[in-house]
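Engineer:
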Amino acid sequence: MTAVQEVLLAEPRGFCAGVDRAIEIVERALTKFGRPIYVRHEIVHNTHVVNDLKARGAIFIEELDEVPPGATLVFSAHGVSQAVQREAERRGFRIFDATCPLVTKVHVEVAKLHKEGYEFIMIGHKGHPEVEGTMGQLDSGIHLVEDVADVARVQPAQTEKLAVVTQTTLSVDDAAAITAAVQARFPHIRSPKQQDICYATQNRQDAVKLMSTQVDAVVVVGSPTSSNTNRLRELAERLGVPAHMVDDASELQDAWFDGHARIGVTAGASAPEALVQGVVQRLKQLGAVSVRSLDGVRETTQFPLPKGLKLDAPGA
Ligand code: 10G
Ligand code: SF4
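In the working numbering, the protein residues as written are 1113 to 1428.
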């Protein structure tokens, strides 16, 4: 049986700008205000990130009644509904919003078009916190479709003023097919000027497409709760390459690599690079003698931190 010979690393992979910012918000809140810092929902969907922050004094909760009066509360990168925002304010917490600015952009667009009388078709995964947050920007008037079959069933109250919004981490290909079905049923529907699927999702999926043509198996580093990570594994598999998602190197099974000389490695937007390097080390133990990064888009996006967390600003 051939052993592993070469590792190809997808570019870009791992942390996006929204994840970097969200983790930094919790870290800075811990430094500035001390433990505990409450975080509504996993700050990002990664077990290692969450366990590391727990060890440093973060407490992750789902319901606001788990947070004591006067506490500091951070909203996760996936965003929250208006109801959660209002309730947190009513309870008087010191709030820091780690919602990715690209998710907030979708929220702002929904609020703006709602004022103009629009209803929405939202493409996304039911129950995902980002979808709950975006749908929760309005009391009603956002209709969720998860797949092409849902498009035939959706019943907006009117079709004159309809707009599409999407979750930011969808499969680019699935979203295109669902959007086409939506446009076929509602030809006048308004689409965003720039798609809601974010640059990081697009770039990581493009990188997996490029990598999958050159490898015999793919390892995707990330947690099972991470939507964008699941999409990367699914994409490699759709391209005909066996693909495995792992939280870290300890989950790798040697049998996955039997007869596979070239292994592609990538990571979801919430997975730390140290875990990728752990996987590479294990693949070296299995025989890899060469590790090569593929060409890809260089990402330069950065988001500013919220006011009040710039540690060196006087009075901040
Ligand atoms: O891919 P999802 O949305 O499940 O989230 P994640 O925490 O694994 O990755 C970062 C992406 C977001 C915060 C959603 S915009
Ligand atoms: Fe922001 Fe995109 Fe990262 Fe989500 S995946 S946090 S939208 S940059």
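Backbone N, C-alpha and C fix where the C-beta goes; we use that ideal spot for every residue, glycine too. Please read these numbers as outputs of a predicted model, since none were measured by experiment.
I need the DSSP call for H1219, collapsed to helix, strand or coil.
Structural biologist: Note: H1219 maps to helix in three-state DSSP.
Engineer: Just to confirm the assignment, what range does the alpha helix (DSSP H) spanning L1376 have?
Structural biologist: For the record, residue 1376 in the displayed sequence is Gly; it is not Leu. From DSSP, G1376 is part of no alpha helix (DSSP H) but of the beta strand (DSSP E) over 1374-1379.
Engineer: Return the Cβ separation of F1208 and P1418 in integer angstroms, given the expectation that the two are a contact with Cβ distance under 8 Å.
Structural biologist: That pair is a contact at about 6 Å.
Engineer: Output the boundary residues of the beta strand (DSSP E) element that contains A1329.
Structural biologist: Note, A1329: beta strand (DSSP E), 1329-1333.
Engineer: Do T1278 and I1254 have their C-beta atoms within less than 9 Å of each other?
Structural biologist: No, Cβ-Cβ distance for T1278 and I1254 is not below 9 Å.
Engineer: In terms of residues, what are the limits of the beta strand (DSSP E) holding H1160?
Structural biologist: Where H1160 is concerned, there is no enclosing beta strand (DSSP E), although the alpha helix (DSSP H) it sits in stretches over 1159-1167.
Engineer: What runs of the beta strand (DSSP E), each 3 residues or longer, lie entirely inside the segment 1244-1296?
Structural biologist: 1254-1257, 1274-1278, all fully within the segment 1244-1296.
Engineer: Per DSSP, what kind of secondary structure is E1385 in: helix, strand or coil?
Structural biologist: E1385: helix per DSSP, three-state reduction.
Engineer: Quick one: residues in its chain with C-beta nearer than 8 Å to the C-beta of V1138, no 5 flanking neighbours on either side, listed in chain order?
Structural biologist: These residues qualify, in order along the chain: I1149, V1151, I1155, L1165, A1170, V1186, A1210.
Engineer: Comparing C-alpha positions only, which one of E1272, A1167, L1387, V1218 sits nearest to D1359?
Structural biologist: The candidate whose alpha carbon is nearest that of D1359 is L1387.
Engineer: Going by DSSP in three states, H1486 sits in which element: helix, strand or coil?
Structural biologist: Residue numbering for the chain in the displayed model covers 1113 to 1428; residue 1486 lies beyond these limits and cannot be assessed.
Engineer: Pairs of beta-carbons, one from the segment 1310-1317 and one from the segment 1249-1265, closer than 8 Å: are there three or more?
Structural biologist: They do not touch, by the three-pair rule.
Engineer: What residue ranges within the segment 1299-1331 form continuous beta strand (DSSP E) runs of no fewer than 3 residues, ordered along the chain?
Structural biologist: List check, beta strand (DSSP E) in window: nothing returned.
Engineer: Can you have a look at H1300 and say buried or exposed, based on whether 16 or more other CB atoms are within 10 angstroms of its CB?
Structural biologist: By the 10 Å Cβ count, H1300 comes out exposed.
Engineer: Leaving aside the five residues before and after A1195 along the sequence, list all residues of the same chain whose C-beta is less than 7 Å from its C-beta, in chain order.
Structural biologist: For A1195, where only same-chain residues beyond five positions count, the Cβ hits under 7 Å are G1248.
Engineer: Decide if V1401 is buried, meaning its Cβ has at least 16 other Cβ atoms within 10 Å, or exposed.
Structural biologist: With fewer than 16 other Cβ atoms within 10 Å, it is exposed.
Engineer: Rounding to the nearest angstrom, what Cα-Cα distance links G1204 and L1322 in this structure?
Structural biologist: Approximately 49 Å, taken between the alpha carbons.
Engineer: The ligand 10G heavy atoms versus the CB of T1413: any closer than 8 Å?
Structural biologist: Result no, Cβ not under 8 Å from the ligand 10G.
Engineer: Are the segment 1390-1399 and the segment 1336-1343 in contact at 8 Å, needing three or more beta carbon pairs?
Structural biologist: Short answer: they don't touch.
Engineer: Got a sec? Which residues, its chain only, sit under 7 Å from G1427 by beta carbon, not counting five neighbours each side?
Structural biologist: Residue confidence for G1427 is low, a pLDDT of 48 falling below 50, so the modelled location carries little weight and cannot support an answer.
Engineer: Could you check whether Q1414 and R1202 sit closer than 9 Å to each other, using their CB atoms as the reference points?
Structural biologist: No; because the gap between Cβ atoms is not below 9 Å, this pair is not in contact.
Engineer: L1421 by DSSP, collapsed to three states: which one?
Structural biologist: The answer is coil: DSSP assigns L1421 none of H, G, I, E or B.
Engineer: In three-state terms, what does DSSP make of R1125?
Structural biologist: In this structure, R1125 counts as coil in the three-state DSSP scheme.
Engineer: According to the neighbour-count rule (16 or more other Cβ atoms, all chains shown, within 10 Å of its Cβ), is E1174 buried or exposed?
Structural biologist: So E1174 counts as exposed.
Engineer: Where does S1402 sit, in a helix, a strand or coil, going by DSSP?
Structural biologist: Strand, per DSSP.
Engineer: Note down the Cα distance separating P1304 from V1330, rounded to an integer number of angstroms.
Structural biologist: Whole-angstrom Cα-Cα distance: 33 Å.
Engineer: Whole angstroms is fine: what's the gap from T1281's alpha carbon to A1293's?
Structural biologist: T1281 and A1293: Cα-Cα distance of roughly 19 Å.
Engineer: Could you check what DSSP says for A1141 in three-state terms: helix, strand or coil?
Structural biologist: The answer is helix: DSSP assigns A1141 an H, G or I state.
Engineer: Can you find a heavy atom of the ligand 10G that lies under 8 Å from the Cβ of L1347?
Structural biologist: Checking every heavy atom of the ligand 10G against the Cβ of L1347, none is found closer than 8 Å.
Engineer: What does the Cβ neighbour count give for V1162, buried or exposed, with the cut at 16 atoms within 10 Å?
Structural biologist: It counts as buried.
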